[in-house]
Every structure is written in structure tokens, then in C-alpha cells.
Amino acid sequence: MVPLPYYLILSAILFACGVAGFLFKRNIITIFMCIELMLNAVNLAFIAFSTHWGQLSGHVFVFFVMVVAAAEAAVGLAIIIAVFRTRETLNVDRVNLLKL
Amino acid sequence: MDTTAFVLVSAAKTALFLAILLGVVAYTVLLERKLVGRIQNRWGPSRVGPFGLLQPLADGLKFIFKEDVTPPYVNRPLYLLAPLLSLSLALTTIAVIPVGGWIDIKGIRTPVQITDVGVGLLVVLGITSIAVYGIALAGWASNSKYSLLGSLRACAQMISYEVALGLSLIGVLILSGTFSLRGIVEAQQGTFLGFIPNWNIFRGQIVAFFVYLCAAYAETNRVPFDLPEAETELVAGYHTEYSAMKFAMFFMAEYANMVTVGCLATLLFLGGWLGPVFGPWWLQAILPVFWFGLKVFFFLFLYIWVRGTLPRFRYDQLMAFSWKVLFPLAIANAVVTALVVALKS
Amino acid sequence: MLHYALFFIFAALAVGGALNLLIQRHPISSALSLVVVMGALAVEYLLLGAEFVAAVQVIVYAGAIMVLFVFVIMLLNAGEEERAGRSRVALLFGLPGLVLFGVLISWALIRINPASNRVAIGALHGPPDQIARLLFQPFLLPFEVTSVLILIAIMGAVVLARRER
Amino acid sequence: MNLNLWLIPVLPLVGAAINGLFGRRFSNKLVSAIALASTGLSFAYTLFVTARFFSLPADRIPHIEHYATWIRTGAFEVPFAAQLDQLSLVMLLVVTGVGFLIHVYSVGYMAHEGGYYRFFSYLNLFMFFMLVLVLANNYLLMFVGWEGVGLASYLLIGFYFTKDSAASAGKKAFITNRVGDFGFLIALFLLVKHFGTLEYGRVFEQVSGMPVEASAGLLTAIAILMMVGAAGKSAQIPLYVWLPDAMEGPTPVSALIHAATMVTAGVYMVARSNPIFFRSPEALALVAIIGAITAIFAASIGFTQNDIKRVLAYSTISQLGYMFLACGVAAFSAGIFHLMTHAFFKALLFLSAGSVIHALGGEQDMRNMGGLRTKIPRTFWVMTAGVLAIAGTPGLSGFFSKDQILWKAWASPHGGKLLWLIAVFTAFMTSFYMFRLWFMTFFNEHRGAKSDKREEPVHGGPADHRAAHANPHGHGHGSHGIHESPWVMIAPLVILAVLSVVGGYVGVPHALGGHNQFDQFLAPVFKFSAEAMPAGEHPASPAEGAAQHAAAAHEDEILMERLFTGISIGVAALGFLLAWLLYVKRRDLPGRITEALGGLYTAVRNKYYVDELYNAAIIQPIIQGSSRWLWRGIDTNVIDRTIDNGAGGAQGISDAVRRMQSGNIRSYAGWVALGAACIVAYMIWMGVK
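Protein chains in written order, with numbering that gives the first Met the number 0: chain A, 0 to 99; chain B, 0 to 344; chain C, 0 to 164; chain D, 0 to 688.
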């Protein structure tokens, strides 16, 4: 019988890790993964609350989050591929020009 | 039933199932070699033991005693991780697969199955989807272009066909209204029109069955979708750099997956262990498992038969087939099924 | 008891995976550690009784999205992430601030601990059919909208990734 | 009964509009035709209205016509409404009549000027505003006219706007008037605040309920503020300085605006507000004193001026002083009477002076005139009539009106011996400088050499005039060929001369066997004052006076009045003799006297340095203060510096903030994360607390 706050703290820690990665990492793909990590943390919080209140809406929200994440991944990775074709790099610090 | 008994029974069942599965895998290899031989108008292995029945044992020993070469340029941890991942995942799927009804032994009533999960089907799908990593990592970690190309193809192929696979199951799910494999099977009990068994394949899921089969072959990288290991182009595809036991692991994983696919097809479309049950109690206990095994054997036979018959697809044909044929078919099937069910109720 | 054990084991697994994601300098390693995190989270979901979500988590996230990542990484053959000049600000303030923030949140959450609310396995299996009902009755519009979103995303991905010739 | 009073002001407005908008393309004939038609029609209609007016039943007077509501805020309401009563009727007749005559005169006088259409449209505009001022039934509408005539006067003074002196003179008039208007406005505010309305009738009803203020109070304040406005408009001390310079304008303008009509607006206003003034003795006393001092002061300056128009200007000021004196001693009707007669003869004088200048081709310096009696006889005779009238020759209009004022200054309870003395002395001075002008202009030999400008510079108007005459379109002569003015100019002069001679007979006092119809005619307007009279006191209102003349005190009153009449005649004769002595008989005397007087003379010659005084006391401080203090001090050091520093600060801040826009994605993300963290921390804080 794990109390709710534990899940929330776990979620917060994961989210913080995601933020940190987003800030520190240079590889655009890794940064993208960090975003996914944040989303997962949020999902965990959703599920925990949903169970806590005995309502399934949280699950539905998680479902939506996943859908959005999938769409995001598809488009984002496509963008990354396009960028890589032109820039030959995945380092966000190098990708600082709007036009080549 | 108290916890200790539960644990003990579960452990016993797990061991039993694993043993059976590995045995099945081993003898599926033998079966394949012999059947393909026959299809190609030659004897298969026949030296070791009567009719070469001990051949699998020999192969196992050979794999074990071969030198295990690890190329210097590989990414070692992942290189090691990949085959383990493949095999373990392939074997894990058996955990949720029911092979029979319930059995009572001295008041201990347990399903003929390691565990009955509410969302068994989803578990299977999840595990198979994770299985991609094995191949992908293998190809990437071994740091050779053949491997990489092979694993790239494998990834693309598996992602693409997973969609069709999943969608093809929707119809079945609609009909049975549960994710539990046991539930699905129990939903197929009985007959209609007096004699036709109430199996999903007879209840309009024939298209779904076809789609599922194609997708499953692709998932397991079998002919005619075996581009990841297309010898003629890529030496051996993703496991080019693997040798000895590691290669054996991939090998076993592949056949285990075939078995899993067979089991799943049986459960979903052919009414699992359902079949005529008669005779004394021990016979009644055995028969369902027998029916089940029979159906799985049919699928394995089909696998081998197809391998011996069909040529390999070209890569673009592969993708086109997935996205332009199977995917629409699966969706259409799902829609039609949903409509029919809706109209019936 | 068993709950606590499982919870902490997989929580540790998740956090470890997340940290590894940060530490590893090769995208593939990061991706795999992220997969680990997701698996651990799936188990946490199971602990929370959300079977369906757990399965979907594995299938969609681990099985589809992350595979896509790995695929792209392999496709682009992304090498190690070169360590550019570390931003001193980030090191001086970022990490401590992050830790501080986490501590603050944890403290707050512990402090508002609703002691009575415990989560038991099977207390609530998100049964797929009920979720489906929610999805197709109250959340129908969002559902349809997300489907459109997915469609647009697919087309966008195709357009973007196509090598125009 | 509807009199359509609005027609009277609107007609000139139409003329002004047509001329002002299209006149540039019109021929001079058409322009003058339009202008004359509009004013003439207005005058004619005024006559018609007058005829109808006498058939009005007494209780229907004042006759008020309400046309529209101008302002309505809460209970406070200002209508567009016209009020016709005896007072406004008199003013109407004077304005339209004299105005029409002067228009006619202008046709000839301005014949050779540029901007012909401009002149007439301005003139008509002036007529419009003046009539609005007169006809208004509330102070605000009156104020509109008040400001409007100010505008017209500004435009006409600066008619020769190419001349710097003219332009500055216009500005001077305008600004000085603003000072007065300021007082007037405050008076209006007080009225609104305390009576909640600006309509004469309502205000006066409320006022008549109030007692005479023993010590200065609200009414005193209002009255004094109104007097400030009147002083500005009617050129009384201390605001008279603009009028002499206003002579920059063409002579008809001086005649119409700065002699006959506009400058009397102040008197009209005081008379109109008589109930208010009457209830505050202090204000009345102030009015009387200002009037008296202005009269003598201006007259004394008139002594020494050599510019013919300036002499007339100062005489105008002093005559206005007379009118205020009359109002100040509560002899409002006497004031209006003098206003009317003065309008006649002063217009006459100005116009004939204009005719003289016209004849001399722009010469204004009397020392360069003389002996014109034979050269321009018609002008001479009409001007003679005017001079005699203003000098108070028995039987002429000026005599009656001035005589009444003198008598009231002595007899009225508000009057006093000192006021009377000053008035009498002023009468003497008036006749002296008028005859001085007369002699210098028309007698002796012609000193026609061109003016060597020892005096104040020749003014813009005449200069242009001379230029205009020099040009071939003119009468084909320069300034040497002295010639009589054309009949179009002489005819109005004749009419005005007749009026100046006989105009006085509407108000012959009882003492001289008349019935003072003018007094009785105006009496209803001043009834509020009459009501305020505490019983038993000597009546201030002539009407009351007429009523009480039946009393026992009657006879010696008559005697007294006759005596005073004699005195005034005497001083007039004295002035004549002195002028004759100095400027005909012993022409060397003036120079000697000047030397004898020395400093005093120069002081007077320079108008007591009043302009210089104002310049030093008011204008310079303002200029210095605004330039040193407001501009360099406040504007540059405080406001500008504040703004500059603000801009600089903004620049600095943005320069610092700019560094956030590094283009480094992760730094942006860092900021976002920081912000989110702050918000979450805050929410946690709120939640936990």
C-alpha cells in the first residue's frame, strides 16, 4: 500500500531529470528523449492521482498524452532528419541559423 | 489457495512450460530441416538417432562447444545484451499463453497456463514489440555495415507490420470483448449452424486471419519477409557478427517467436484448445492440450511450407505490401466487424 | 510490504535510468536507458492497478516511439555527443537549483501526505472497456481531435522526411 | 408674437460667409453690394422690429425667443435664445445703424485697398458677433459675441498684416482682452455656481431677492470680476493700452469697432447686469472711480498727441470713462444715453478724420495739416458738428448726455463731489483738445510739408493708403493733390452729423423743460435696481427719480441742475477759448509751455510711460520667468532630464536584458524552466501555508 506522495515524488524527480537533460544535453535527439521523459513523469502523476481518486479519467489523459507524444515523435524525428540532411550535425548549438 | 502454494505451483508451471517450449523449439528446427529437405526432394538430417531425431541435441552441443568470437570493433555491452534480450523476450511470451482449460489436482484448481493476465494479448504484443530492440541493437552494436543494414531493415519492417498486426486483432477483440487470452478462447465455445465450431475464423475473421498471418511472418522475419537476414544480400543480416551460443540465442528466439505466433493464431482464430472432448477423466484432461498442440503444429508446418515455397520480397515491395495492402485490409476488417456487431446488438 | 519492495525497486530503476540518460554521451545508450525508465514506469502503473495503461505504455512508448528513436539514431549514424564548453552558470546554479527544487517539492508532497490514501494492487484495474467507454462518450471530441492530429502528424512526417529531388 | 430676431445677426453672417468664402473671385462692386445688402437688410429689419416692439404689451417685455438648447447638463441649461427689451433695442439700433453707415463709408474709403473682400467679410463678421452679444438672453451667449467681436477686432486691427506694427497691435489688443475675459469668465462661473443659470431673467430674479450688500460679498465679487472684463473690452484703466494701438486698423474700423460699438460692449454689459452691480456699493464705487480716473487720464494724454487718430482714440477712452462713471453712480440710463450719442459723434469724428487723411493721402500728423477749411469744406463742416457735439456745446447731443452724467455724478447717492470735479475738469479738457484738433487741422495755413517722422512712426494703414493712392488705379494723384472725399463717404458723414446734432433731444432732462423720454424708456430694464432701493433714500433710478420729482424737493433740485448745466457750458467754452488762444492767436505759446512743463510734458507725451511700465512690470517678468525659470529651469533641467534619464535607463536595462536573447536554445529553455520553477514554488508555498 504505497502512499500517493511517493509516486508524486518519483514523478517529480523524473520530471526534474527531464528538465535537466533538456538543459544540459546537446544532442537534439537526446533532448527530444528528455521531453519524452518529462511526459512520462506527468503520466505517472496522472495515473497516481487517478488511482487515488478512483477515477479513470487519468488513464484517458495518459492515453491522450501518449497519442500526442507519438505524433510529436513522428514529426520531430522527421524534422531532425531534415535538419541533419542540411546541417550534417545533431548539435543544437550548431543549429543556430534559420537559413543556410 | 495460500501464497506459498501459489508460488510453488507457479514455479512448477513455469519450469514445465519452459522445458516444453525449448523442446518444441528444438524439434521445430529438425522439422523444418526435414520438411524443407523433402520439399526440395532430398532427405533431411537422418544420421543422428532414428530418423535423425537426436539432431537437435547435436546442434546444441555444437553451438555450446564452438569458439565464441567477439570482434574487437563492437560495442561490447550492447553486443552482449542483444541476443539475451531477444531470447528472453521470446521465451517470456509463453507466460501468458493458455494451452488448456482448468485442471483440479487434489482441490488445487489452476489454469493450464503460467498466469492469466487480464490484458494478456496486450502483454504479448508489448513483448513482441520490445523484441525489436534485440535485432536493432545486434545490428548496431556489431558495428558492421551488413549488420546495420539488416537491423535497419528489421526495425522498419517490424514497426510497419506491427501496425497491421495490431489492427488485424481488433476484429477478434470486438467479437470477444476482452484482452484476456483465456477469455477470448472461452468466447469461441459452441457451434453455429449445428456443426460449424464457433471459432473466430469462421465468424468472419478470415481476412483478419490472413492479415495476421502475413504480419506475423514479417514480425518473425521469416520467408518471404526475411530481408533482415537475407543471405544473398547481407551475408547473415543483423547476426552476421555473432557466432556460437550468441547466434544460437537468436536462432532459438526466432523459432520461439514462431511458436508464439502459432499459439496466438490458435488462440485468437482457431478457438485455442477447444475441440471435441470425450472419454475418461484423464483423457478429458489431455484432449484440450492435444487439440491445442495440433493446431500450433499446423501453423509451424505452414511456416515451413511457405518457406519452402515462396520467394523473397523486394524491400520496396515489402513496405508497399504492408502499408498498401495489409493496413487497409485490417482497417476495413475492423470497421466491418464493428458495424456487424453494432447491427446485431 | 511487497508493494513497497516493488515500488522502490522499480522507482530506483526508473531514476537510475533517467540519470543514465543524462550521463550517457551516446544517443543509443540514452535511448536504451529511457526504454528502461519506461519499462519501470509500466511496472509502477501495474502497481497502481492500471493494467491497460501499462500495456499501452510498453507497446506505444517502448515498442513504437523509442524504436523510432533508435531507428533514427541508427539511420543518421549519430556519433558521440561532443562535449562543448560547459556553461558555468548551469553547473553553478542549474544543478543545485534542480536538487533544491526537487527537495522542495518532495518536502511539500510529504507534508501534505494524505495518509489515509493508499493504493492497493487491483484496487482499480483500469479495465479497458471502461476506459473505452470514457473515451467514446465523454472524451469523444478530444479523441477525434487527436485522431486528426495523428493524421496531420503522419502527413507532416512524410513531407518532412521525404528527400525532395 | 414672433419677431424672428435671429434674422438680425444672421444676415451679416451670411454676408460675411459669402464674401469670406468666394469674395476673392468677386469684383469689388459685388463684394460691397453683398456687404451693404446684408447689413442694410439687417438694419431695415431692426427698424421693423422696433416698430413692432412698441406695440408689445408691457408685460411681454422683455420679449424672449427661444430657438434651441445649446447646453443641458443636469439642471444647468443654456439656450440659444434672443432677448429684446429697451436696452437691447437701443443697442441694436446703434449697432446696425452706425454699422450700416460705416459700411457705406468704407466702400469709398477702402476702394483702393488690397484685400477688399477680406475687409468686408471681417466687418460683417463683426456685425454678426456684436448683434449676438446684444441680443443674447444669457451671459454665455453674450460671451460668445464678446469673444467674437474680440476676434473680429483682432483681425481688423491686423488688417494690414504685412505691417509688423499692425500685427503686433492686433496681438496686443487680443491679449489685453484675454486678461479682461478671464475676469468675466470667472464671474460667469460664480454665477453658474450660485444661481445655477446664466439667463438674465432668472439670475436677476434671484438677485433681486437679495439685499444690498453692506460689506463686500458674492455679488461684489461677481460685479468686480465683470468690471474687469468690461475694463478689458472697453479700454478702461488698467487695460486701456490696446485701444490707441488699435488705430493701426483702417479708419472705418476705428470708427465702428473702436469708437462706436465694440468698446461700448463693456458699458452695455455693466448696464445689463445693473441689478448685480446695484446690490454692491463697493463695486459701484470701483466702477465710478475707474471711469473718472480713466476719463481724466486719457484726456490729459489726448492733450499732447499729434496723430489725429490717436487724439480721437484717447478721447474715446475718456468718453468711455464717462459712461462708466455714469454706471458707477447707478445712472445706467445716462450711461447708455451717452453711449448712444457718443456712438454718433465719435463715429462721425473718426470718419471725417479718415476723410481728412484720405484727402491728404495718408497724412495723420496734425502738425502737417492746417488750413484745410477751404480745401475740403464738406469734411470741415461735418467734423465741426462732431467737435461741437463732443465738446458739449449747448443743444447738441453730447451736451445733454454729458450734462446728465455730470449731474448724476453730483446728485446720485452713489456719486460725490470729487467725482463731479474730475468729470467737470475732464469736460474742460475734452473741449480743449477737441478744439485743438479742430484748429490744428482746419485753420491757419497748410503746413503740408511731408511729415518728418519726429513723432511716432507713420502707421501701417495710412502708409498702405498712400501707396494705394499712388497707384494708377487710384484717383490719379499722390499725397500733394488735396481733394475732397467722394460722396459715398460724405453722405454717411452728413447723416451722422445730423444725428450728432439732434440725437440728444430724445433725452432732454426736466430741468431744461424736456421729459427725458430716454430715461423713462429704459426704466423697465433697471427696475430691479429700483426695487432694491431702501425706502426713503434718494432714488438712483431716473424712473424713480421722475416719479419723485413731484415731491417737495423738486424746485431746488431743478435750480441745482440748471446751475450745473451752466457750469458745464462754462468749462466747454473755457476749453474752446484756451485752444483758440494757444493754436490760433499765440502759436508760440505751446512750445514755451512745453519747455516750462518739461519733464511732465514729455511724460504725458509718452502716455505716462504706461506701456513701458507694463512692459517692465508684467511682460518682462513673464518673459524672463518663462525663459529662465520655466524653460531652462523646469523644462530643460527637470522634464527633459527626467525623460532623457528614463530613456537612458530603458536603454541600459534593455542592453542588459538583450543578453538573454543569446540564440542559445538551452539558455531559453533555462529561463522557461526557471520561470516555471518559480511559479510552482509559489503555488507550493501557497498550498503548504
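C-beta atoms are modelled at their ideal positions from N, C-alpha and C, and glycine is treated no differently.
*asked:* Measuring only the C-alpha atoms, how far is F194/B from I38/B?
replied: In the second sequence, the residue the question calls residue 194/B occupies position 195. In the second sequence, the residue the question calls residue 38/B occupies position 39. Going by the C-alpha atoms only, they are around 35 Å apart.
*What are the boundary residues of the alpha helix (DSSP H) that includes F289/B?*
Taking the second sequence and counting its residues from 1, the one referred to as residue 289/B is at position 290. From DSSP, the alpha helix (DSSP H) with F289/B extends over 280–308.
*Note the first and the last residue of the continuous beta strand (DSSP E) segment covering Q82/D.*
If you number the fourth sequence from 1, residue 82/D lands on position 83. Per DSSP, Q82/D belongs to the beta strand (DSSP E) from 75–83.
_For chain C, check one thing: does any of its Cβ atoms lie closer than 8 Å to the Cβ of G651/D?_
The residue labelled residue 651/D in the question sits at position 652 within the fourth sequence. Judged by the 8 Å Cβ criterion, G651/D is not in contact with chain C.
*How would you write the range of the beta strand (DSSP E) that Y66/D sits in, first residue to last?*
Within the fourth sequence, residue 66/D is the residue found at index 67, counting from 1. Per DSSP, Y66/D belongs to the beta strand (DSSP E) from 62–72.
*Note down, in chain order, all residues in the stretch 51–84 of chain C with a beta-carbon under 9 Å from any beta-carbon belonging to chain B.*
F51, A53, A54, V55, Q56, V57, I58, V59, A61, G62, A63, M65, V66, L67, V69, F70, I72, M73, L74, N76
*Taking only beta-carbon positions, decide if I678/D is within less than 8 Å of chain A.*
As a working mapping, residue 678/D is identified with position 679 in the fourth sequence. It does not; no Cβ of chain A falls within 8 Å.
_Residues in the same chain with beta-carbon distance under 6 Å from H341/D, minus the five sequence neighbours each way, listed in chain order, please._
What you label residue 341/D is simply residue 342 of the fourth sequence in a count that begins at 1. Answer for H341/D: Q318, listed in chain order.
*Local conformation of A490/D per DSSP, three classes*: Position 491 of the fourth sequence, counted from the start, is the residue given in the question as residue 490/D. Here A490/D sits in helix by DSSP.
*Decide if A542/D is buried, meaning its Cβ has at least 16 other Cβ atoms within 10 Å, or exposed.*
If you number the fourth sequence from 1, residue 542/D lands on position 543. Residue confidence for A542/D is low, a pLDDT of 49 falling below 50, so the modelled location carries little weight; the figure read from the coordinates is stated next. Flag for A542/D reads buried.
_Limits of the beta strand (DSSP E) - the one that D92/A falls within_ = In the first sequence, residue 92/A corresponds to position 93, counting from 1. Where D92/A is concerned, there is no enclosing beta strand (DSSP E), given that its DSSP letter is neither H nor E.
*asked:* Can you give me the C-alpha to C-alpha distance between L190/D and L224/D, rounded to a whole angstrom?
replied: Along the fourth sequence, read from residue 1 onward, the residue named residue 190/D stands at position 191. Along the fourth sequence, read from residue 1 onward, the residue named residue 224/D stands at position 225. Spanning the two alpha carbons is a distance of roughly 11 Å.
*By Cβ distance below 8 Å, which residues in the same chain neighbour L5/C in space, the five residues on each side in sequence not counted?*
Start at 1 with the first residue of the third sequence, and residue 5/C comes out as number 6. Cβ within range, chain order: V42, L46.
*Take P55/B and list the residues in its own chain whose beta-carbon comes closer than 8 Å to its own, dropping the five residues that flank it on each side.*
Locating residue 55/B in the second sequence gives position 56, where the first residue counts as 1. Excluding sequence neighbours, P55/B sits near A25, Y26, V28, L29.
_Beta carbon proximity, G647/D to chain C, threshold 8 Å_ = The residue labelled residue 647/D in the question sits at position 648 within the fourth sequence. G647/D does not count as touching chain C.
*Just by C-beta distance, which residues in the stretch 26–39 of chain C are closer than 9 Å to chain B?*
I27, S28, L31, V34, G38
*F21/A at chain D interface by Cβ criterion, 8 Å*: For the purposes of this step, residue 21/A is taken as residue 22 along the first sequence, with counting starting at 1. Interface residue, yes.
*My understanding is that A130/B touches L83/B, with C-beta atoms under 8 Å, so please give their C-beta distance in whole angstroms.*
Residue 130/B sits at position 131 when you count from the first residue of the second sequence. Residue 83/B sits at position 84 when you count from the first residue of the second sequence. A130/B to L83/B, Cβ: 12 Å. No contact.
*Got a sec: is the Cβ-Cβ distance from R665/D to anything in chain A below 8 Å?*
As a working note, residue 665/D is residue 666 in the fourth sequence. R665/D counts as touching chain A.
*When DSSP labels each residue in this structure, what does N26/A get in the three-state scheme?*
The sequence position of residue 26/A within the first sequence is 27, counting from 1. DSSP places N26/A in strand when its eight states are reduced to three.
_Using the Cβ count rule (16 or more neighbours within 10 Å means buried), how would you classify P310/B?_
What you label residue 310/B is simply residue 311 of the second sequence in a count that begins at 1. So P310/B counts as exposed.
*At a cut of 8 Å, does the stretch 203–212 of chain D reach the stretch 259–269 of chain D through at least three beta carbon pairs?*
no
*Contacting residues, own chain, Cβ-Cβ under 7 Å from L107/A (five flanking each side not counted)*: The structure shown does not extend to residue 107/A, since chain A is modelled only from 0 to 99, so the question has no answer here.
*Are the CB atoms of F312/B and F320/B nearer to each other than 8 Å?*
Translated into the one-based positions of the second sequence, residue 312/B becomes position 313. Translated into the one-based positions of the second sequence, residue 320/B becomes position 321. Taking 8 Å as the Cβ cut-off, F312/B and F320/B qualify as a contacting pair.
*Could you please give me the residues that DSSP links to D364/D through a beta bridge?*
What you label residue 364/D is simply residue 365 of the fourth sequence in a count that begins at 1. DSSP lists D306/D as partners of D364/D.
*Establish whether the CB of V41/A and some CB of chain D are separated by less than 8 Å.*
Counted from its first residue, the first sequence places residue 41/A at position 42. Cβ-Cβ to chain D under 8 Å: no for V41/A.
*From the beta carbon of A17/C, is the nearest beta carbon of chain D less than 8 Å away?*
For the purposes of this step, residue 17/C is taken as residue 18 along the third sequence, with counting starting at 1. For A17/C, the answer is no, since every Cβ of chain D falls outside 8 Å of its Cβ.
*Please go through the same chain and pick out, in chain order, the residues whose beta-carbon is closer than 8 Å to the beta-carbon of Y5/A, but skip the five residues on each side of it.*
For the purposes of this step, residue 5/A is identified with residue 6 of the first sequence, where counting begins at 1. Result list for Y5/A: empty, nothing under 8 Å.
_G133/B and S146/B closer than 8 Å at C-beta_ = To locate residue 133/B, count along the second sequence from 1; it is residue 134. To locate residue 146/B, count along the second sequence from 1; it is residue 147. Their beta carbons are not under 8 Å apart, which means G133/B does not touch S146/B by this criterion.
*asked:* Could you compute how far the alpha carbon of E240/B sits from the alpha carbon of D315/B?
replied: In the second sequence, residue 240/B corresponds to position 241, counting from 1. In the second sequence, residue 315/B corresponds to position 316, counting from 1. Approximately 26 Å between the Cα atoms of the pair.
*What's the C-alpha gap between F158/D and A151/D?*
Here residue 158/D refers to the residue found at position 159 of the fourth sequence. Here residue 151/D refers to the residue found at position 152 of the fourth sequence. In a straight line, the C-alpha of F158/D is about 10 Å away from that of A151/D.
*Comparing alpha-carbon positions, which option in D58/B, D103/B, I158/B lies nearest W280/B?*
Translated into positions along the second sequence, residue 280/B becomes position 281. Nearest C-alpha to W280/B: D103/B.
*Grab me the residues of G327/D's own chain with a C-beta within less than 6 Å of its C-beta, minus the 5 sequence neighbours each way, in chain order.*
By one-based count along the fourth sequence, residue 327/D stands at place 328. L283, V286, A287, G290.
*Whole-angstrom Cβ separation of L174/B and V340/B, contact assumed at under 8 Å?*
Translated into the one-based positions of the second sequence, residue 174/B becomes position 175. Translated into the one-based positions of the second sequence, residue 340/B becomes position 341. Yes, they are in contact, since the Cβ atoms of L174/B and V340/B sit about 7 Å apart, within 8 Å.
*G278/B beta carbon less than 8 Å from that of P196/B*: Residue mapping note: residue 196/B aligns to position 197 of the second sequence, counting from 1. Residue mapping note: residue 278/B aligns to position 279 of the second sequence, counting from 1. Not a contact, by the Cβ cut-off of 8 Å.
*For the stretch 118–128 of chain B against the stretch 31–39 of chain C, are there 3 or more C-beta pairs whose distance is under 8 Å?*
no
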